[in-house]
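Since the structure comes first, as C-alpha cells, the remarks are kept for the end.
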Amino acid sequence: MTGKELKSTLKNGGRIYGSAIVSPSPHWPGAVGQAGLDFVFLDLEHTAWSRDKLAQMCVVYASLGLPPIVRTPSPDPFEASKALDGGAVGILAPYIETVDQLQALVGAVKYKPLKGEKLQQVLQGKIRLAPAMQKYTASRNENNILLINVESVPAFDNLDALLAVPGLDGIIIGPHDLSCSMGIPEEYQNDEFKQTVNEIIKRARARKIAVGIHFSETAQVQIDWVQLGVNIIMHSSDISIYSRALKNDIAEIRTAFGDEITGKGGPEMII
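Shown next, in the form of C-alpha cells:
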C-alpha cells in the first residue's frame with residue numbers, strides 16, 4: 021500500500037494489517053515484506069533508535085509498499101513533525117488525555133509546516149488561512165495519518181471530546197497502560213477491562229473513527245477484537261513472534277530427546 025491508499029482504506033472503514041518492528045536489521049524489511057502486511061509500526065516510545073536510523077527504516081519500508089506508522093516518544097507535536105520529516109506516513113501519539121494535546125498534534129500533522137502563533141490562532145478558530153495556504157497545507161498533508169493512544173482512565177473519561185476533534189483519523193487502545201490506569205494490571209480477561217475496551221470501540225466506530233488495539237498475544241485474540249469492530253489490526257511485534265516461535269521449537273526438540281526444557285530470560289518487552 022501507499023500512504024494514500026492506507027488513509028483511504030481507513031476513511032472508508034476498511035481494515036488494515038500491521039505489526040510492530042523492533043529490529044533495525046537491514047535484512048528485516050525483505051522478510052517482513054513477505055508477511056502480507058499493509059503497514060509497519062515503528063515505536064520510538066519504547067526503543068532507542070536515533071533520528072537517522074528511523075529515517076532509514078521509514079524510507080526502506082515505504083519503498084516496499086509498507087507505509088510506516090511511527091509512535092513518537094511523547095505527545096510533543098515537534099516529535100511528530102520530526103517523524104514526518106523522516107518519512108513517517110502516520111503518527112501515533114502516546115498517552116493522549118486532553119483535547120489541547122490532540123489539537124496541538126493536529127497542527128503538527130495536518131497543517132505542516134505552519135507553526136507558532138499563527139497556527140495556534142487557526143487551531144483555536146480565531147482566524148482562517150488564506151485560500152492559497154489552505155490549498156497548500158491540504159495538498160502537502162493529504163496523506164498524513166494521525167492516530168492517538170487511548171490508554172488511561174482520564175483518556176476514556178474524555179473520549180467523546182477527543183473523538184470530536186477534526187483531523188483525528190483513528191485511535192489505538194493501549195491495553196497494558198489502560199489496565200494499569202484502571203488498577204487491574206494485565207488483567208485482560210477482567211470483565212471491567214473488556215467492557216471498557218468494548219465501549220471505546222463502539223464510540224469510535226459510531227463516529228466513523230478507525231480503532232485498533234495492540235496486543236502481543238495469539239491471532240485469535242486479534243480476531244475476537246476485530247469481530248467487535250476493530251479495523252486497525254496491529255498484531256504483536258517481531259521480537260514477540262520470534263521469541264514465542266523459538267521457545268516452542270527448542271522445547272519441541274528437547275522433548276523429542278527427553279532433555280529438560282530450560283529457559284529463563286528477562287521480562288518480556290512491552291510495546
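Residue numbering for the sequence shown follows the working numbering, beginning at 21 and increasing consecutively. C-beta: ideal position from N, C-alpha, C; glycine also.
query: Opening and closing residue of the alpha helix (DSSP H) in which ASN268 lies; result: 258-276
query: Collapsed DSSP secondary structure at ARG225 in the structure displayed; result: helix
query: Cβ distance (whole Å) where ILE191 is taken to contact VAL231 below 8 Å; result: 5 Å
query: Contact under 9 Å by Cβ, GLU117 with ALA175; result: yes
query: Beta-carbon gap between ILE165 and ASP189 smaller than 9 Å; result: yes
query: 8 Å Cβ shell around VAL126 - same chain, five flanking residues per side excluded; result: LEU143, LEU166, VAL185, PRO186, GLY187, LEU188
query: CB of ALA254 within 9 Å of CB of SER70, strictly; result: The amino acid at residue 254 is misidentified as Ala; the sequence shows Met. No, they are not a contact pair.
query: Three-state secondary structure assigned by DSSP to ILE204; result: coil
query: Counted within 10 angstroms of its Cβ, other Cβ atoms place ASN210 as buried (16 or more) or exposed; result: exposed
query: Contact the region 144-157 vs the region 193-207: 3+ CB pairs below 8 Å; result: no
query: Rounded separation between ALA82 and LEU64 - CA only; result: 17 Å
query: Extent of the continuous alpha helix (DSSP H) run through ARG160; result: 151-160
query: Limits of the alpha helix (DSSP H) - the one that ALA230 falls within; result: Here ALA230 belongs to no alpha helix (DSSP H); instead the beta strand (DSSP E) covers 230-235.
query: Opening and closing residue of the beta strand (DSSP E) in which ARG91 lies; result: 88-91
query: Delimiting residues of the beta strand (DSSP E) encompassing GLY50; result: Segment 48-52 is the alpha helix (DSSP H) holding GLY50; no beta strand (DSSP E) there.
query: C-beta atoms of VAL52 and ASP258 nearer than 9 Å; result: yes
query: Alpha-carbon to alpha-carbon, HIS66 and GLY203; result: 22 Å
query: Spatial distance of ASP58 from GLY278 (CA atoms); result: 42 Å
query: Boundaries of the alpha helix (DSSP H) in which SER101 is found, first to last residue; result: 97-105
query: Residue burial classification, LYS27 (beta-carbon count within 10 angstroms, cutoff 16); result: buried
query: For ASP63, the first and last residue of its enclosing alpha helix (DSSP H); result: No alpha helix (DSSP H) contains ASP63, which is instead part of the beta strand (DSSP E) from 59-63.
query: Of the residues SER45, ASP72, HIS47, ILE36, the one placed nearest LEU56, counting alpha carbons only; result: First, the residue type needs correcting, since residue 56 is Gly and not Leu in the sequence shown. That would be ILE36, whose Cα lies nearest to the Cα of GLY56.
query: At least 3 beta-carbon pairs within less than 8 Å: the region 131-147 vs the region 106-113; result: no
query: Through-space distance from ALA128 to LEU30, alpha-carbon basis; result: 20 Å
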